[in-house]
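In full-length UniProt numbering, the protein residues as written are 1 to 542.
1) Express the C-alpha separation of residue 62 and residue 225 in angstroms, rounding to a whole number.
2) Between which two residues does the alpha helix (DSSP H) harbouring residue 228 extend?
3) Would you tell me roughly how many angstroms separate the C-alpha atoms of residue 33 and residue 489, rounded to the nearest one?
4) Excluding the five sequence neighbours on either side, which residues of its own chain have a C-beta within less than 7 Å of the C-beta of residue 464, listed in chain order?
5) Determine, using beta-carbon pairs with one atom in the segment 427-437 and one in the segment 407-414, whether at least three such pairs fall under 8 Å.
6) Looking at the structure shown, is residue 45 part of a helix, part of a strand, or coil, going by DSSP?
7) So, is residue 301 buried or exposed, given that buried needs 16 or more other C-beta atoms within 10 angstroms?
8) How long is the line joining the alpha carbons of residue 289 and residue 346, rounded to whole angstroms?
9) Is the CB-CB distance between residue 219 and residue 88 below 7 Å?
10) With 16 other CB atoms within 10 Å as the buried threshold, where does residue 369 fall?
11) Between the segment 236-247 and the segment 41-56, can you find at least three pairs of beta-carbon atoms closer than 8 Å?
12) Go to residue 401, then tell me how far its alpha helix (DSSP H) extends in each direction, as first and last residue.
13) How do the segment 24-41 and the segment 264-274 stand: do at least 3 beta-carbon pairs fall below 8 Å, yes or no?
14) Note the first and the last residue of the continuous alpha helix (DSSP H) segment covering residue 95.
15) Along the chain, where does the alpha helix (DSSP H) containing residue 496 start, and where does it finish?
16) Thinking C-beta only, is residue 98 closer than 7 Å to residue 200?
17) The alpha helix (DSSP H) spanning residue 299 covers which residue range?
18) Use the C-beta contact count for residue 147: other C-beta atoms within 10 angstroms, 16 or more gives buried, fewer gives exposed.
19) With the cut-off set at 7 Å, would you say residue 291 and residue 118 are in Cβ contact?
20) Between 143, 46 and 193, which has its C-alpha nearest residue 155's C-alpha?
21) Just to confirm, are residue 260 and residue 43 a CB contact at a threshold of 7 Å?
22) For residue 473, count neighbouring Cβ atoms within 10 angstroms of its own Cβ and tell me buried if that reaches 16, exposed if not.
23) Among 76, 442 and 242, whose alpha-carbon lies nearest the alpha-carbon of residue 396?
24) For residue 94, which residues in the same chain have their Cβ closer than 7 Å to its Cβ, ignoring the five residues on either side in sequence?
25) Please classify residue 346: does DSSP put it in a helix, a strand, or coil?
26) Classify residue 264 as helix, strand or coil using the three-state DSSP reduction.
27) State the DSSP-derived secondary structure class of residue 454, mapped to helix, strand or coil.
28) According to DSSP, is residue 212 part of a helix, a strand, or is it coil?
29) Kindly indicate which residue of 263, 404 and 66 has the alpha-carbon position closest to the one of residue 37.
30) For residue 76, which of helix, strand or coil comes out of DSSP?
31) Taking just the CA atoms, how far does residue 387 sit from residue 405?
32) My assumption, with CB atoms under 8 Å, is that residue 438 sits in contact with residue 400. Please give the rounded CB distance.
33) Keeping to the same chain, check which residues put their C-beta closer than 7 Å to that of residue 41; ignore five residues upstream and five downstream.
34) Going by C-alpha distance, which of 257, 481, 191 and 420 is nearest residue 496?
35) Relative to the alpha-carbon of residue 141, which residue among 425, 492, 340 and 434 has its alpha-carbon at the smallest distance?
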């Protein structure tokens, strides 16, 4: 080929046909990888977590070593670099362990929704709390948080069977400990799995940030992944040997291990497909396609729940226990929110300069500032500045300390009330929560009062304190209505209160408590009367 043809292929815009090939490769690999995750979940029901993770890491390490040859090619690493690689491998191992535990607790669909977010999306989400962000990125973060809340609050996994030891005899000590802990706390297994996966996401952010500079020192991300996979498998080997020697159950079948080997190869292919595609196509586009496709394919596969139940009964050899970790309205809503959040967070940010309206001149012309508006401000910096202003004023500082103390009592009382299903504790917790909300509104009003007058509010913000009192009264009415509605509901249909976790007291102590409650209520009544009398006296004096 002549030099002009070579230059034409090396420089200029990339041919759309060349862009389509790596994108198709990413699509095919993602579909295979999602299917492998669902197969691996079925296999994980019969394997301990250590064996499951070791086979997964060993299969990936074999592929990386054969392709990259990290120990024989590349520059020689110093002792300090090897120590950093070891720390990075330990982070990778802990992240993978959390992923395995989350997979066993809440199933493959919820695991994919929380773990298959790209570096770009997680980086944009982190920048909202730690650095500047745009208004569009802020909307993406809101959708991401809504997706997490849907999984935590509205994902009622009624298909899960409440067993004493649902993990079975093959799952190992880690999963057994998690089930015992969740059973003691009274939390469903899929809720605990979501918390574990969120911890894994936070740890993966730390791992990926530490791996960027380390990849440059090692000689590339591919060599770093090869070294970390090999070291992680080596660290797991003693644990696996001890478990296989001490357990009385038969060894895992080759059929089960083959599916884990398939998942390891799928992870390897996913890494190489994404890396190659990012070199030819925009990284944000590849990240968006990969995450959106993963969520969509996982939701489609999860809808075929009858097929996976048939696979568990016939291939794995488990008895039919009903559908495990099936679809719910909450998980479907979370999928939609995560899709919108991924599309927003991975959208490229325009580099054009922005201007914010700050007022009008004496001639009536608009005045603009090139400084970033509130949407570009850091949430962390806003909180830091607000705390500094609160701590500078003595009254605000004392109110803030009382708010922290009152909030601590509120959390403990409400959690224990929900745990024991006690209306008294729950209602008093809401009462204290109203006190906390009133303090928060008062602190916000104290901060707003210090704002300087503007052209629109030329008299300042001094009347905000009056509005804060009105807002507190609205909170009081809403909370009283909610407590009254709940009280009437329980009066018509009294629930069973769990008294196992309540303190045992004698009749005399109970009578003492009743005698103590009376002067407390009487004191509140006298306080209200004094407030009314003082108000009328001030009105009469003018």
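A virtual CB, placed ideally from N, CA and C, is assigned to each residue, including glycine. Since this is a predicted model, take the numbers as computed values, not measurements.
Reading it off the structure:
1) In the chain shown, the residue the question calls residue 225 occupies position 225. In the chain shown, the residue the question calls residue 62 occupies position 62. Going by the C-alpha atoms only, they are around 12 Å apart.
2) On the chain shown, position 228 is the one that residue 228 refers to. Where residue 228 is concerned, the enclosing alpha helix (DSSP H) stretches over 221-246.
3) Locating residue 33 in the chain shown gives position 33, counting from the first residue. Locating residue 489 in the chain shown gives position 489, counting from the first residue. Computed Cα separation, rounded: 49 Å.
4) Against the chain shown, residue 464 aligns to sequence position 464. Counting only Cβ-Cβ distances below 7 Å, and skipping sequence neighbours, we find 445, 448 and 449.
5) yes
6) Counting from one through the chain shown, the residue named residue 45 turns up at place 45. Three-state result, residue 45: coil.
7) In the chain shown, the residue the question calls residue 301 occupies position 301. Flag for residue 301 reads buried.
8) By one-based count along the chain shown, residue 289 stands at place 289. By one-based count along the chain shown, residue 346 stands at place 346. Taking the straight line from one Cα to the other gives about 10 Å.
9) Translated into the one-based positions of the chain shown, residue 219 becomes position 219. Translated into the one-based positions of the chain shown, residue 88 becomes position 88. No.
10) To locate residue 369, count along the chain shown from 1; it is residue 369. Annotation note: pLDDT 48 at residue 369 (below 50); position unreliable, no value reported.
11) yes
12) As a first step, residue 401 is located in the chain shown; it is residue number 401 there, counting from the start. Here the alpha helix (DSSP H) through residue 401 covers 394-420.
13) yes
14) For the purposes of this step, residue 95 is taken as residue 95 along the chain shown, with counting starting at 1. Note, residue 95: alpha helix (DSSP H), 79-115.
15) Position 496 of the chain shown holds residue 496. Per DSSP, residue 496 belongs to no alpha helix (DSSP H) and is neither H nor E.
16) As a working mapping, residue 200 is identified with position 200 in the chain shown. As a working mapping, residue 98 is identified with position 98 in the chain shown. Closer than 7 Å, so yes.
17) In the chain shown, residue 299 corresponds to position 299, counting from 1. Residue 299 -> alpha helix (DSSP H) spans 283-303.
18) Here the question's residue 147 lines up with position 147 in the chain shown. Residue 147 comes out buried.
19) Locating residue 291 in the chain shown gives position 291, counting from the first residue. Locating residue 118 in the chain shown gives position 118, counting from the first residue. Taking 7 Å as the Cβ cut-off, residue 291 and residue 118 qualify as a contacting pair.
20) Within the chain shown, residue 155 is the residue found at index 155, counting from 1. Minimum Cα distance to residue 155 is reached at 193.
21) Indexing the chain shown from 1 puts residue 260 at position 260. Indexing the chain shown from 1 puts residue 43 at position 43. Against a cut-off of 7 Å, the Cβ pair of residue 43 and residue 260 comes out as a contact.
22) As a working note, residue 473 is residue 473 in the chain shown. Its Cβ having fewer than 16 others within 10 Å, residue 473 is exposed.
23) Within the chain shown, residue 396 is the residue found at index 396, counting from 1. Of the candidates 76, 442 and 242, the one whose C-alpha sits nearest the C-alpha of residue 396 is 442.
24) The count along the chain shown starts at 1 and reaches residue 94 at position 94. The residues are 203.
25) As a first step, residue 346 is located in the chain shown; it is residue number 346 there, counting from the start. Looking at residue 346 - three-state DSSP - the assignment turns out to be coil, as it is neither helix nor strand.
26) Stepping through the chain shown from its first residue, residue 264 is reached at position 264. Reduced to three states, the DSSP call for residue 264 is helix.
27) Numbered from 1 along the chain shown, position 454 holds the residue referred to as residue 454. In the structure shown, residue 454 sits in coil (DSSP, three-state: anything other than H, G, I, E or B).
28) In the chain shown, residue 212 corresponds to position 212, counting from 1. Of the three classes helix, strand and coil, the one that applies to residue 212 here is helix, per DSSP.
29) In the chain shown, the residue the question calls residue 37 occupies position 37. Ranking the options by Cα distance to residue 37, first place goes to 263.
30) As a position in the chain shown, residue 76 is number 76, starting the count at 1. The answer is coil: DSSP assigns residue 76 none of H, G, I, E or B.
31) Counting from one through the chain shown, the residue named residue 405 turns up at place 405. Counting from one through the chain shown, the residue named residue 387 turns up at place 387. Distance between the alpha carbons of residue 405 and residue 387: 16 Å.
32) Locating residue 438 in the chain shown gives position 438, where the first residue counts as 1. Locating residue 400 in the chain shown gives position 400, where the first residue counts as 1. Contact flag wrong, Cβ pair sits at about 13 Å.
33) Counted from its first residue, the chain shown places residue 41 at position 41. If we look at residue 41 and ignore the five residues flanking it on each side, its Cβ neighbours are 103, 107 and 108.
34) Start at 1 with the first residue of the chain shown, and residue 496 comes out as number 496. The candidate whose alpha carbon is nearest that of residue 496 is 420.
35) One-based indexing of the chain shown puts residue 141 at position 141. Per the Cα distances, 340.
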